[in-house]
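*Asks:* Sharing a structure here in structure tokens format.
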Amino acid sequence: MYIAGDKVKEGDFVTMCSATFGGQMWSTRGVGLTRVLAAIRVRAGPTVSLVFETAGESKKKVVNTAKIAQANEEARFRAQKKKDKLLKELDADDQKLKKNNKFFGLF
126 MYIAGDKVKE
136 GDFVTMCSAT
146 FGGQMWSTRG
156 VGLTRVLAAI
166 RVRAGPTVSL
176 VFETAGESKK
186 KVVNTAKIAQ
196 ANEEARFRAQ
206 KKKDKLLKEL
216 DADDQKLKKN
226 NKFFGLF
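Sequential numbering from 126 applies to the sequence shown in our numbering.
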């Protein structure tokens, strides 16, 4: 992301554009250049705000997203393993209770 005064370089991506009215921003990811240019043309007011992203930043985001996805998958795996262990213990306890064949432990 650029700070005012940074130079835009070839290969940078427009990731956000100011809305038609007000100071709100909308994501331009996947909308195409035609739609971004139309949004700039119809902007009410003398200025337009744009957010750019370098190709390097995009690659970093992809790597970080992959790491997060892998961590989430590992957490799901650990949670499932723990759940399976607890269910196995519960089944073992049920089998012990059924084996005793007593009515609430009274008879």
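Glycine residues also receive a C-beta, built at the ideal position from the N, C-alpha and C atoms. Note that the structure is a prediction, hence the values are computed from the model and not measured.
Might you give, ordered along the chain, the residues of its own chain that have their beta carbon closer than 8 Å to the beta carbon of M150, omitting 5 neighbours on each side?
*Replies:* Residue mapping note: residue 150 aligns to position 25 of the sequence shown, counting from 1. So the qualifying residues of the chain are M141, C142, S143, A144, S174, V176.
*Asks:* In this structure, does DSSP put E135 in helix, strand or coil?
*Replies:* As a first step, residue 135 must be located in the sequence shown, where it is residue number 10. Coil.
*Asks:* Considering Cα atoms alone, identify which of V156, R154, V139, P171 is closest to F146.
*Replies:* Here residue 146 refers to the residue found at position 21 when the sequence shown is read from its first residue. The shortest C-alpha separation from F146 is found at P171.
*Asks:* Looking at the secondary structure, which residues open and close the beta strand (DSSP E) in which V173 lies?
*Replies:* Within the sequence shown, residue 173 is the residue found at index 48, counting from 1. Looking at the DSSP string, V173 is not in any beta strand (DSSP E), and its letter there is neither H nor E.
*Asks:* Just to confirm the assignment, what range does the alpha helix (DSSP H) spanning T159 have?
*Replies:* Position 34 of the sequence shown, counting from 1, holds the residue named residue 159. Note, T159: alpha helix (DSSP H), 158 to 166.
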